[in-house]
Amino acid sequence: MRSHWLARTKYTGGVLQGLTAFACLIIIAIVAIIIGNIVLHGMGKLSWEFLSQPPRDHFTKGGIFPAIFGTAALVILMTVAVIPLGVATAVYMHEYAPKRSRLVNLVRLAIQNLAGVPAIVFGLFGVGFFIEFVGRGLDRGLYGGSLVYGQPAIIWSALTMALLTLPTVVVATEEALRAIPTNYREVAYSLGATRWQMISRVVLPQAAGGILTGGILAVSRGSGEVAPVMFTGAAYSLPELPVRLHNQFMELGYHVYVMSTQAFDVEATKPALYSTVLVLLMLTFLLNFTAIMIRARIRKKLRNGR
Amino acid sequence: MDANLEPVLKDAADFHLFSGIETEDLRVSYSENEILKGITLDARRGEILSIIGPAGAGKTTFLRSLNRMLDLDPDWRVAGAVRLNGQTIYSKEIPVFVLRRKIGMVFSVPVTLPMTIYQNLAFGLNLDREGKSRRDEKVEKGLREAYLWDEVKDRLNEPAGNLSGGQQQRLCLARTLTLEPSVLLLDEPCSGLDPISTRRIEEALQQLKRDLTIILVTNNVKQAARASDRTAFFLFGELIEVQKTENLFTTPREKKTADYISGRFG
Amino acid sequence: MRSSGVLPYRSEVAPLPKLRQTGTLSDRIASVVIQGSAFLAILSLILIFIFIGKEALPVLTSSEVQKEASLSRLFLPQHARAGEAAEFDWQPISDTPKYSLLPLFIGTLKVTVIAVSIAIPLAVAAALYTSEFAPSWARETIKPCIEILAGIPSVVVGFFCLMVIASWLQGAFGWTYRLNALTAGIGLSLAVIPIVYTVSEDAFSSVPQAFREGSIAMGASSWQTASRVVLPAAMPGVLAACVLGFGRAIGETMIVLMASGNAPVTSWSPVDSIRTFSATIAAELGELVQGSPHYHVLFFIGAFLFILTFLINLMGRWCVGRLQKKLQGAA
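Protein sequence lines, in the order shown, are assigned to chains W, L and S. This note's numbering puts the first residue of the first sequence at 16, with every later residue one more than the last. This note's numbering puts the first residue of the second sequence at 95, with every later residue one more than the last. This note's numbering puts the first residue of the third sequence at 412, with every later residue one more than the last.
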């Protein structure tokens, strides 16, 4: 009897363990398949020419340089807006605001949960507020009514993206600030530092790693999300690169979307499409990988007590 | 209470010449709780005043009210007068960061900033233009006064975290000394240090007291006995008595003091 | 001098300077800049709430908008033509614009349920394996794998779904619509797995080791410990993970836009094309006339999504917070 009971336990034990392990296997397999498929079909057209030339013949020949340029320009504009604002907000909430302020806790809660709001809602805001309201207003005031800013433009996409990624930067910065022991601040004050001196000489250098991580995560999201830029500034095929703030721009992700859903000769553009996806994927991975490396280095430094 | 004190300067003319720090009826509370209930105490240049008393007596709070560290948390309320060299310091007109450079503080846990040894020492000096001049000189002077120069003079660019506990605490002492303060406040600086490091710090204080006013809070009654000139005994936020150290320990005036010193409570 | 015969100390006789000396200027500038920037950022975020709400409001208040799209028209069946049966139709661009939200609701529900039914078992099982049974080499493989999956932009997932998965399924099952709820649901589950996995794994890891040791000391095997001790203890966290995953699924746009067919069909079949709330906004935002009823209805949908996902997130985090408190109290 006893051996029978033991055998049954071992059997069911193995089943649960096996099932959960199988789930892991499925997930790993899915990721491998997706990446494998994209790399396989995308490697073919990948070359320096592809990355540096503009497209020709309805995207069957040439490269996707304008999309890369547009994505980079978008991300740079977004970063210029979001990092100072995000860091300042976190510094304000952690260092300047009264400690037990209810208002600040409410704001913190709102920011954390804003991260879960769908990207398309930000796009909706971008169209309704930035383009229709601010853009038209600018046009009326500065350009006497002609259509300059009251239409999709890279500046509006960048601002929309900045709002989308603001919570990421604020949360990452606040985490970094919280990790700094209060002793450091006390010591700085006791040596006669003013609040800004304490922040700029002790706190911010210590928090720099965390801020950088947050920034890179924001950039990674900014280069991959399509929904917010769809109607705020991205376009499929443009003759020129965006050199003015009110220009439209081409973007990698948006390009993939339009090409896969609306191109009329799917077979002919397939290689270019796959290669574009591969470029986007590589870019995103590079950014995420960098952020992970920085985060790991910070954790190691904290563990060593420096 | 007044009878327990050495005669305090009452003559207004003498205030300019009084060098040291004094409080008059200092009352401190933290969100509705009274921590200090009216302390009138002074410490003068040329002597080490030690403050003893059980935990919760308000010693650390007293120290922190002297260099306005209590300002950092708005829940603290301070009433009464605190005067440095005759000048009241709780005044909207006094920039608190200048005050803190004149009144240095050493905490009970050595907190070295995450920088090199040199950068730690120069931190206070780098804060304004005046401090930056002749920085190397001042750094060396601070280290010598803290009896740390010989041990670190070749290692100034190493991370401060590399030092031992006793060395780090002397580093913290040197760090405040580079600013040439008038008053030095030490909050149980030797807790957790080995006897040799403790002795080095006490020796440094003996040398420093000639030019500075030193207030030393300590949980270790023996340390107060051997290292200070006057001793004050705090209990539950009140100053029970203050006397020359040898008198306090041989003939204390209050029974509570005698009980604490002999270990009957604490 | 009372302390006789001693030379004056270096700086003791100089009185403390009054305010408005060096040092405060940069301090004050910094303070203004930081507080100003923080207010600007916070104001912008509040602005999103307000603006979307403001533009959604006419559906409830303006009679002009309500001629075409009142609440009843949004939720109840409408007669397209006199004499015909009442139907639910979403056709904003037509001679008689129809704004029934029901097809969109059903579409969102279908694809979300499909995605979540695939993602939750997979992710929770994988999280359980990772935290309870896996040897460290396996843990070092699956965790980065999940991070990679989380890092794949949703447009790429949608692309893969559209190009590969849809064709496989079509080849295997031969459905009428190549792009339908099932295809999109499978793709959507890939976006949901990472967050369910991460939060569940966190929940399992926070169960104190003491629980497991106690169970093993009483003779339970590792699977019994996992299923009877760890899983129940971490249940609030796992629930939170599911809630957060659900929220992620509702709001996801690109995958659904690319792989679901985008046809507002009202049916319960999983292999019919669908249109979700988020895809509707994305699909129709381009042809918007400002101030038209269509405009306000889209904002109404946007406001609805905003509030829904915000509340879902709030709930999820609250559950996680409760789990932490419970486990910390017991540990």
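For every residue, glycine included, the Cβ atom is placed at its ideal position computed from N, Cα and C.
Within the stretch 201-212 of chain W, THR209, ARG210, TRP211, GLN212 place their CB atoms closer than 8 angstroms to a CB of chain S, listed in sequence order. Look at S/GLU466 here: in three-state DSSP terms it is helix.
Per DSSP, W/TYR158 lies in no beta strand (DSSP E) and is assigned neither H nor E. The beta-carbon of S/VAL603 is placed no less than 8 angstroms from the nearest beta-carbon of chain W. Note on geometry: alpha-carbon atoms of L/THR155 and L/GLY180 lie some 21 angstroms from one another. When secondary structure is reduced to three states using DSSP, L/ASP244 falls in the helix class. When DSSP reads this structure, L/ASN127 sits in a beta bridge with L/TYR124. Bridge pairing for S/GLN502: S/LYS509 [DSSP].
For W/GLU282, the number of other beta carbons within 10 angstroms of its own is below 16, and it is reported as exposed. When the alpha-carbon of W/GLY239 is set against those of W/MET213, W/ARG216, W/PHE246, W/TYR269, the nearest one is in W/TYR269.
When secondary structure is reduced to three states using DSSP, W/PHE264 falls in the strand class. By the rule that beta-carbons nearer than 8 angstroms mark a contact, W/ALA168 does not touch chain S. Taking L/LYS153 as the centre and dropping the five residues before and after it, the same chain places the C-beta of ILE145, GLY147, VAL311, PHE328 closer than 7 angstroms to its C-beta, in chain order. The beta carbons of W/ALA134 and S/THR720 sit no closer together than 8 angstroms.
Of the other Cβ atoms in all chains shown, fewer than 16 fall within 10 Å of the Cβ of L/GLU297; this residue is therefore exposed.
Using beta-carbon distances, W/ASN120 does not count as an interface residue toward chain S, since no partner is under 8 angstroms.
The DSSP-derived three-state label of L/THR339 is helix.
Excluding five sequence positions before and after L/THR182, the CB atoms of its chain that fall closer than 6 angstroms to its own CB belong to ALA175, given in chain order.
DSSP links W/GLY77 through a beta bridge to W/PRO70. Here L/ASP230 is exposed. Its C-beta has fewer than 16 other C-beta atoms within 10 Å.
Within the stretch 270-293 of chain W, contact with chain S at the beta-carbon level (separation under 7 angstroms) is assigned to VAL271, TYR272, SER275, THR276, VAL292. Judged by DSSP secondary structure, L/ILE183 falls outside any beta strand (DSSP E); it is assigned neither H nor E. The CB of W/TYR107 comes closer than 7 angstroms to the CB of ILE445, GLN446, ALA449 in chain S, given here in chain order. Per DSSP, the continuous beta strand (DSSP E) segment holding L/TRP170 begins and ends at 170-178.
A contact is defined here as three or more CB-CB pairs under 8 angstroms, and the stretch 165-182 of chain W fails this definition with respect to the stretch 208-218 of chain W. Judged by pairs of C-beta atoms under 8 angstroms, the stretch 129-145 of chain W touches the stretch 684-693 of chain S, as three or more such pairs exist.
At a cut-off of 8 angstroms between C-beta atoms, S/ILE525 does not count as an interface residue with respect to chain W. Under the DSSP assignment, W/THR180 falls in the alpha helix (DSSP H) whose first and last residues are 169-193.
Counted as a single uninterrupted DSSP element, the stretch harbouring L/ASP281 is not any alpha helix (DSSP H) but the beta strand (DSSP E) occupying residues 277-281. Linking W/ASN303 to S/GLU558 through their CA atoms gives a straight-line distance of about 9 angstroms. Chain-ordered, the chain W residues with CB closer than 7 angstroms to the CB of S/TYR540 read THR35, ALA36, ALA38, CYS39. Residue contact check for W/PRO69 against chain L: no CB pair falls below 8 angstroms. In this model, W/TYR107 and S/PRO675 are separated by some 47 angstroms (Cα to Cα).
In the three-state reduction of the DSSP assignment, L/MET209 falls in the coil class, being assigned neither a helical nor a strand state.
L/LEU143 has L/ILE309, L/ARG324 as its beta-bridge partners, per DSSP. For a cut-off of 8 angstroms, the C-beta gap from S/ALA526 to S/GLY596 is around 5 angstroms, short enough to register as a contact.
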